[in-house]
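Colleague: Chain order of the listed sequences is A and B.
All residue numbers for the first sequence refer to the working numbering, where the first residue is 857 and numbers rise by one.
All residue numbers for the second sequence refer to the working numbering, where the first residue is 857 and numbers rise by one.
No residue lacks a Cβ here, since even glycine has one placed at the ideal position from N, Cα and C.
For clarity, every value in this text was computed on a predicted model and none was experimentally measured.
2 protein chains.
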Amino acid sequence: MPDGPTITTIAEHAGVSIASVSRVLNGLPTRPETERKVMRAADELGYVRNAVARSLKSRRTHQIAFAMADIGNPVYLAMVRQIQPVLKTAGYRLVLHSTDAVVADEIDVLRSLGERYVDGLIMSPIRVTDDHLKMIENARAPVVIIGLVPDGTAVDNVRADSREGVRLAVGHLHERGRRRIGFLNGPLDTVPGAARDAAFREALEECGLPYDPALVEVGDFYREAGAQAARRLLERDGDVDALMCANDLIALGALDVLRQYGKRVPQDVAVVGMDDTDLAAASWPTLTSVSLGSAERGRAAAQLLLARLEDGGRAPTVVTVPPRLIVRESTLETS
Amino acid sequence: MPDGPTITTIAEHAGVSIASVSRVLNGLPTRPETERKVMRAADELGYVRNAVARSLKSRRTHQIAFAMADIGNPVYLAMVRQIQPVLKTAGYRLVLHSTDAVVADEIDVLRSLGERYVDGLIMSPIRVTDDHLKMIENARAPVVIIGLVPDGTAVDNVRADSREGVRLAVGHLHERGRRRIGFLNGPLDTVPGAARDAAFREALEECGLPYDPALVEVGDFYREAGAQAARRLLERDGDVDALMCANDLIALGALDVLRQYGKRVPQDVAVVGMDDTDLAAASWPTLTSVSLGSAERGRAAAQLLLARLEDGGRAPTVVTVPPRLIVRESTLETS
DNA sequence: GCCAGCACAGTAAACGTTTACAGTACGGCT
DNA sequence: AGCCGTACTGTAAACGTTTACTGTGCTGGC
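1) So, do the stretch 1099 to 1112 of chain B and the stretch 1081 to 1088 of chain B have three or more beta carbon pairs nearer to each other than 8 Å?
2) Pull up the CB-CB distance for PRO1146(A) and LEU1024(A), whole angstroms please, since I reckon it's below 8 Å.
3) In this structure, how does DSSP classify PHE922(A) when only helix, strand and coil are distinguished?
4) What are the boundary residues of the beta strand (DSSP E) that includes GLY976(B)?
5) Would you call the stretch 1059 to 1067 of chain A and the stretch 979 to 995 of chain A in contact, with 3 or more CB pairs under 8 Å?
6) Could you work out which residues of chain A lie near SER911(B), taking near to mean beta carbons separated by less than 7 Å?
7) Starting from the N-terminal side, write out each stretch of the alpha helix (DSSP H) that is 4 residues or longer and does not extend beyond the stretch 1094 to 1166 of chain B.
8) Report the three-state DSSP secondary structure of THR864(B) (helix, strand or coil).
9) Going by DSSP in three states, VAL1072(B) sits in which element: helix, strand or coil?
10) Which residue wins for smallest C-alpha separation from ILE963(A), given the options GLU1189(A), TYR1117(A) and ARG983(A)?
11) Looking at chain A, is there any beta carbon in it that lies within less than 8 Å of the beta carbon of THR890(B)?
12) For a cutoff of 8 Å on Cβ pairs, would you count GLN940(A) as touching chain B?
13) 8 Å is my cut-off, CB to CB: does SER1139(A) come that close to chain B?
14) If you follow the alpha helix (DSSP H) that SER911(A) is part of, which residue opens it and which one closes it?
15) If you follow the alpha helix (DSSP H) that ILE992(A) is in, where does it begin and where does it stop?
16) Return helix, strand or coil for GLY1027(B), following the three-state DSSP convention.
17) Let me see if you follow: with CB-CB separation under 8 Å, is GLU971(A) close to chain B or not?
18) For the alpha helix (DSSP H) that VAL880(B) lies in, which residues bound it at each end?
19) Within the same chain, show all residues whose beta-carbon is closer than 7 Å to that of ILE863(A), passing over the 5 residues directly before and after it, in chain order.
20) When you compare only the Cα positions, how much space is there between TYR932(A) and VAL965(B)?
21) Can you tell me which residues form a DSSP beta bridge with ASP1012(B)?
22) For chain A, check one thing: does any of its Cβ atoms lie closer than 8 Å to the Cβ of ILE927(B)?
23) Does the stretch 1119 to 1133 of chain A come close enough to the stretch 1161 to 1178 of chain A to have 3 or more Cβ pairs within less than 8 Å?
24) Report yes if the C-beta distance between LEU1160(B) and THR1176(B) is below 8 Å; otherwise report no.
25) Over the uninterrupted alpha helix (DSSP H) stretch that includes SER968(B), give me the two end residues.
26) Name the chain A residues whose beta carbon is nearer than 7 Å to that of GLY860(B)?
27) Would ASP1134(A) pass as an interface residue toward chain B - the criterion being a Cβ-Cβ separation below 8 Å?
28) Which value, in whole angstroms, describes the spacing of the CA atoms of ALA1136(B) and PRO1043(A)?
29) Chain B partners of THR864(A), CB-CB under 9 Å?
30) Please name the residue in ALA925(A), ARG1057(A), ASP1076(A) and THR865(A) whose C-alpha comes closest to that of ASP1068(A).
31) Taking C-beta pairs closer than 7 Å, name the residues in chain A that LEU952(B) reaches, listed in chain order.
32) Going by DSSP in three states, LEU1060(A) sits in which element: helix, strand or coil?
33) What does a CB cutoff of less than 7 Å around VAL959(A) pick up in its chain, not counting 5 residues either side in sequence?
34) Just how far apart, CA to CA, sit ARG1015(B) and LYS944(A)?
35) Please classify ALA919(A): is it buried, with 16 or more other beta-carbons within 10 angstroms of its beta-carbon, or exposed?
36) Considering only the beta carbon of each residue, do ALA923(A) and LEU969(A) sit closer than 8 Å?
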């Protein structure tokens, strides 16, 4: 792997100065004769621009980072799938960070922005601490946050409306005659966990149903955790007729357990998931799920970031993506 | 977003030369007094090393690229999930490229290696042309290929054994008494498509079954394409008692169609997928699938690349990951 | 008392670009 | 013929590091 040719090599071969080479390569006005010489030399030597040197001088890396908790989570996957093409067409590369939902790792990513290896960052923190906020506002490069941040935070922000999402789901269950609606949530100290908890209480109230702590279980956002939570709930109260799950993975875990307990879905227990991941359409029975617009949020975040890179002066923007209820077999008696 | 402090700023504040600053920052022997001054200035100013300048001088970017056809494909996802932590612990960042299975895009990624924005590349090309091979062997940075390349190609290579995988699956179907085994494949001009086609013929022969072109359909590796292929097959021949699918997505599409045609799975038709993605365990019925070890292949590729970065002189290595048959409901009558 | 050797610290060059500025050649105008 | 403007091209500095080499002041041995 011998060292490739540099602008200097080309200049020698073409018999011109490195400045001329650079100008030709960048399409600046040049005498046709010179241009030809340079292009010829470049072709013959198989020249490729050194991106690092270029970045150093131009202060642009044409890279953007996306930091999420876990690539395994289909929600983030859906985001990446949208972010990638948007960035690609704008001429940016995508650098991926998986923080495993560890706050210290997220802080680390934020700090590493100072290394200037990317031009900007899209981040979807699962917990938002004051440290985060401070670092985000003072970050050395533009940042877009996917998720809820306190109002007034000076940062571009893309939000899902999980409150409305939970209302849609609970409303749907209520309409279909369900009255003892269980709730399987993720950790309350996470942003989505807290939001969904508050939303669930609200939604019950709107339907005129009482909030019964015995029907609520808190676990984690994984399938196995969902199964465990469902088991705990069923052991305590065999009479639930619906399960609202904070997550499709939790819902899949719940489906497994319901099957073990001989409960028919949806006849005995209706189940609603959240995020409308690919798994929802593939499960048995297919899973009614609240789409929080992961794909749209990803795309919006990428576009916000590009807009800010264009114009650093624009006011921070908040985009809220509306939820949609995708009804499938797990809540439809008739199926 | 004011410009951050550089090594020069720190040198001024600490009253030393930039060389000393650099030495302290890199842990080279320094008088304690000097070290203290530098560290203090660095802390006060919130200094962060500029990764770009560093890379230019050191010729290391600590970035590695992974190029795949489509992040949406759970197989690649499984790879990314393994690659990411391996690289992270070794101090490398992950740059993602999605080529949409367009050969020109893959060539582009290969060429862009000359820009030296990464130290190495892991690539999983879906079609391997001579152009690819030539560029891969002459690449300006170490490359690891996930997938089949011609024997003797001078490149680190991680392979699945889809031949053996198909044999496992067909053998399993045969053992369970299936005799009219259909085959839903992806494009024959792709590496996996061609390999699976050859393997299917071989496997039938081993079982003493005839190869019947009427039982074979070629489509694409997507769910919808799988559904269409299944439909074509069923319209032509209502008597298949098993479907071997080149892919879990194809298998899911086939399950949809079988349901529409009133065929029970597995009683009337047994179905086997391939890749053992998350979807296989979530589907209805759960899907028997051949695991080609996507996760292991990802991890192996990352490790091979790291090994080569350590020692550029080592001989090209080929790692073959053995397949495993994961039996689930879609082939088990008793369920 | 002198010099060798040591332990640092500083100077400057280099990595490969981009770009401000200075220089040159030439054609056309007066 | 002299001058000016035009249209380039070349020189050199800069981006922020790392590092080879040179310099300096001290310690210790004779």
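Modeller: In short, the structure shows the following:
1) yes
2) As a working note, residue 1146(A) is residue 290 in the first sequence. As a working note, residue 1024(A) is residue 168 in the first sequence. Residue 1146(A) is actually Val in this sequence, not Pro. Going by Cβ atoms, the distance from VAL1146(A) to LEU1024(A) rounds to 6 Å, so yes, they are a contact pair.
3) The residue labelled residue 922(A) in the question sits at position 66 within the first sequence. Correct three-state label for PHE922(A): strand.
4) On the second sequence, position 120 is the one that residue 976(B) refers to. 976 to 979 is the span of the beta strand (DSSP E), which, as asked, contains GLY976(B).
5) no
6) Position 55 of the second sequence, counted from the first residue, corresponds to residue 911(B). The answer, in chain order, is VAL908.
7) 1104 to 1116, 1134 to 1138 and 1150 to 1166
8) Stepping through the second sequence from its first residue, residue 864(B) is reached at position 8. THR864(B) falls in the helix class under three-state DSSP.
9) Taking the second sequence and counting its residues from 1, the one referred to as residue 1072(B) is at position 216. Note: VAL1072(B) maps to strand in three-state DSSP.
10) Within the first sequence, residue 963(A) is the residue found at index 107, counting from 1. Closest option to ILE963(A), Cα to Cα, is ARG983(A).
11) Along the second sequence, read from residue 1 onward, the residue named residue 890(B) stands at position 34. Judged by the 8 Å Cβ criterion, THR890(B) is not in contact with chain A.
12) Mapped onto the first sequence, residue 940(A) falls at position 84. It does: the Cβ of GLN940(A) has a partner Cβ on chain B nearer than 8 Å.
13) Stepping through the first sequence from its first residue, residue 1139(A) is reached at position 283. By this cut-off, SER1139(A) is an interface position.
14) Residue 911(A) sits at position 55 when you count from the first residue of the first sequence. Unbroken alpha helix (DSSP H) run through SER911(A): 907 to 914.
15) For this step, residue 992(A) is matched to residue 136 along the first sequence. Taken as a continuous stretch (DSSP letters only), the alpha helix (DSSP H) holding ILE992(A) covers 986 to 993.
16) Taking the second sequence and counting its residues from 1, one reaches residue 1027(B) at position 171. Three-state DSSP puts GLY1027(B) in a helix.
17) Position 115 of the first sequence, counting from 1, holds the residue named residue 971(A). At least one chain B Cβ lies under 8 Å of GLU971(A).
18) Reading the second sequence from its first residue, position 24 is the one you call residue 880(B). Element bounds for VAL880(B): 874 to 881.
19) Numbered from 1 along the first sequence, position 7 holds the residue referred to as residue 863(A). Answer for ILE863(A): ILE874, VAL877 and SER878, listed in chain order.
20) Taking the first sequence and counting its residues from 1, one reaches residue 932(A) at position 76. Taking the second sequence and counting its residues from 1, one reaches residue 965(B) at position 109. Whole-angstrom Cα-Cα distance: 24 Å.
21) Here residue 1012(B) refers to the residue found at position 156 when the second sequence is read from its first residue. DSSP output for ASP1012(B) lists VAL1000(B) as bridge partner(s).
22) As a working note, residue 927(B) is residue 71 in the second sequence. Yes, contact with chain A.
23) no
24) By one-based count along the second sequence, residue 1160(B) stands at place 304. By one-based count along the second sequence, residue 1176(B) stands at place 320. No, the Cβ-Cβ distance between LEU1160(B) and THR1176(B) is not below 8 Å.
25) Position 112 of the second sequence, counted from the first residue, corresponds to residue 968(B). Taken as a continuous stretch (DSSP letters only), the alpha helix (DSSP H) holding SER968(B) covers 959 to 968.
26) Translated into positions along the second sequence, residue 860(B) becomes position 4. Within chain A, the residues near GLY860(B) are GLY970 and ARG996.
27) Residue 1134(A) sits at position 278 when you count from the first residue of the first sequence. Chain B, which has a Cβ nearer than 8 Å to the Cβ of ASP1134(A), makes this yes.
28) If you number the second sequence from 1, residue 1136(B) lands on position 280. If you number the first sequence from 1, residue 1043(A) lands on position 187. So the alpha carbons of these two residues sit roughly 28 Å apart.
29) Translated into the one-based positions of the first sequence, residue 864(A) becomes position 8. The premise fails here: THR864(A) is roughly 15 Å from chain B at the closest Cβ pair, so nothing lies under 9 Å.
30) For the purposes of this step, residue 1068(A) is identified with residue 212 of the first sequence, where counting begins at 1. Closest by alpha carbon: ARG1057(A).
31) For the purposes of this step, residue 952(B) is identified with residue 96 of the second sequence, where counting begins at 1. Residues of chain A passing the Cβ test: GLN940, LEU950 and LEU952.
32) In the first sequence, counting from the first residue as 1, residue 1060(A) sits at position 204. Note: LEU1060(A) maps to helix in three-state DSSP.
33) Translated into the one-based positions of the first sequence, residue 959(A) becomes position 103. Closer than 7 Å at Cβ, skipping near neighbours: ARG983 and THR985.
34) Within the second sequence, residue 1015(B) is the residue found at index 159, counting from 1. Within the first sequence, residue 944(A) is the residue found at index 88, counting from 1. Rounded to the nearest angstrom, the two C-alpha atoms are 29 Å apart.
35) Within the first sequence, the letter at position 63 stands for residue 919(A). Sequence inspection shows Gln at residue 919(A); the Ala mentioned does not correspond to that position. Buried, because 16 or more other Cβ atoms sit within 10 Å of the Cβ of GLN919(A).
36) Here residue 923(A) is taken as the residue at index 67 of the first sequence, counted from 1. Here residue 969(A) is taken as the residue at index 113 of the first sequence, counted from 1. No, Cβ-Cβ distance for ALA923(A) and LEU969(A) is not below 8 Å.
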